[in-house]
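First residue of the sequence shown: 2, per our numbering; consecutive thereafter.
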Amino acid sequence: MNGPVRYDRAITVGLVRSVRRIFLSRPGNHALTILMYHSVSDGNEDHVPPYYRVRTHPAVFAQHMQWLRENNIRGVTLREGLANHTRAGTPGARQVVLTFDDGFGDFMTAAFPILSQHGFGATVFLATAFVGNQPRLFKQKECLTWCDIRELHKGGIEFGSHTVNHPQLHDLDRSQIRAELLTSKSMIEQELGNEVFSFSYPYAFPSGDPLFVNELSILLGEAAYGCQVTTEVGRNHPGVQPFRLKRLPVNACDDHELFTAKLAGDYDWLGRAQGVLKQCRRPHLHP
Ligand SMILES: [Zn+2]
């Protein structure tokens, strides 16, 4: 008898409660939710703690997209998500922004076919030194080529900048940061003939250094970016600064219970806790 009892409990406490949180009109439902993926590929990362894993297996990714679909939530690009979020009077706009950092080649082969099945958009962030006419390697994995990128762009995928060299921007001087922002942006624009709107900060966002964060916002504005996503954890509430958008990290460890809990806002506490820790650890910002 224990089996069915546990099963009932799991459905009640895990699934039903989590799904109800998505549907109920809580204040948090007006938040802009941005998911952060990296690689959609098989392979294990057992040596890496679950929070830091960057792979989402294609079968798991397909499930994530299916769960969104079942809850009438549409996956959209960052540009579209932000426009819907800031536009007044968009009742019932059920959307989640899907972002992919590092521009791995598996976005083309594994993620895009699944997104297409659902008619979902997404934003992919490229570190342009790792993009060529032939696949280049980043972290021992093949990246998208310009040919892939042009094709994906025609398929409704938005491309943003993730710098040129994927450096720790916090360690660079102002002119070097400016070059990373401007060169990557103009290279993508040249290839796609389309304005680049979004920027993704590489590595952990240095929240504990408000002077740097402020200066970076100014440089992003000067480089004509419209927004920046970070590794700060959480959803974004109305009035959020566009150059400091939080995201929810997602990987192969996100089963239904955890994935839906994140969408419902039950993971936002982690961002607040990390913020407090970073304040305490200043100036040692990077793990
Ligand atoms: Zn990255």
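Using N, Cα and C, we set each Cβ at its ideal position, and we do this for glycine too.
Every value quoted in this text rests on a predicted model; they were computed, and no experiment measured them.
Next item on the list: Please work out which residues of its chain come closer than 7 Å, Cβ to Cβ, to E46, disregarding the five sequence neighbours upstream and downstream, and give them in chain order.
Entry: R54 and R56
Margin query: Taking 5 Å as the limit, name every residue whose beta carbon sits nearer than that to some heavy atom of ligand 2, in sequence order.
Written below: Within the structure as shown, ligand 2 is missing, the only ligands being ligand 1.
Next item on the list: Entirely within the stretch 43 to 100 and at least 4 residues each: give me those alpha helix (DSSP H) ranges in chain order.
Entry: 59 to 71 and 79 to 87
Checklist line | 9 Å Cβ cutoff met for G266 and K247 | finding: no
Note to self: Can you confirm whether the stretch 216 to 228 touches the stretch 168 to 181 when touching is taken to mean that 3 or more C-beta pairs between the two stretches lie within less than 8 Å?
What the structure shows: yes
Note to self: Within 10 Å of its beta-carbon, does Q229 have 16 or more other beta-carbons around it, so buried, or fewer, so exposed?
What the structure shows: buried
Margin query: For the structure I just gave you, are there three or more beta carbon pairs, one from the stretch 65 to 79 and one from the stretch 114 to 123, closer than 8 Å?
Written below: yes
Note to self: Among P207, Y204, L173 and F108, whose alpha-carbon lies nearest the alpha-carbon of E159?
What the structure shows: F108
Item checked: Residue environment, T316, which counts as buried when at least 16 other CB atoms sit within 10 Å -> The chain is shown only over 2 to 288; residue 316 falls outside these bounds and no answer can be derived.
Next item on the list: With DSSP collapsed to three states, give me the class of Q242.
Entry: In this structure, DSSP gives Q242 a state outside helix and strand, which the three-state scheme calls coil.
Check: T184 to S42, Cα distance in whole Å?
Finding: 29 Å
Item checked: Cα-Cα separation, L33 to A130 -> 31 Å
Check: Can you tell me whether DSSP reads I219 as helix, strand or coil?
Finding: helix
Next item on the list: Give the secondary structure of T13 by DSSP, where H, G and I count as helix, E and B as strand, and everything else as coil.
Entry: At T13, the pLDDT of 40 sits below 50, so the modelled position is not reliable; the number obtained from the coordinates is stated separately. It is helical.
Notebook entry, point to check: For the candidate residues I189, S187 and D172, whose alpha-carbon lies nearest to that of T204?
Noted result: A small correction: the amino acid at residue 204 is Tyr; Thr does not occupy that position in the sequence shown. Closest by alpha carbon: D172.
Check: Between the C-alpha atoms of L271 and I150, what's the straight-line distance to the nearest angstrom?
Finding: 34 Å
Checklist line | For E196, the three-state DSSP class (helix, strand or coil) | finding: coil
Check: Under a Cβ-count criterion, where at least 16 other Cβ atoms within 10 Å of its own Cβ denotes burial, should G194 be classed as buried or exposed?
Finding: exposed
Next item on the list: Report buried or exposed for R95, applying the criterion of at least 16 other Cβ atoms within 10 angstroms of its Cβ.
Entry: Around the C-beta of R95, fewer than 16 other C-beta atoms lie within 10 Å, and the residue is accordingly described as exposed.
Notebook entry, point to check: Using the beta-carbon count (16 or more within 10 Å), is C144 buried or exposed?
Noted result: buried
Note to self: To the nearest angstrom, how far is the alpha carbon of E196 from that of G82?
What the structure shows: 17 Å
Note to self: Please state the DSSP three-state secondary structure of S185.
What the structure shows: helix
Next item on the list: Inspect the beta-carbon positions of L220 and L182 and report whether they are closer than 9 Å.
Entry: yes
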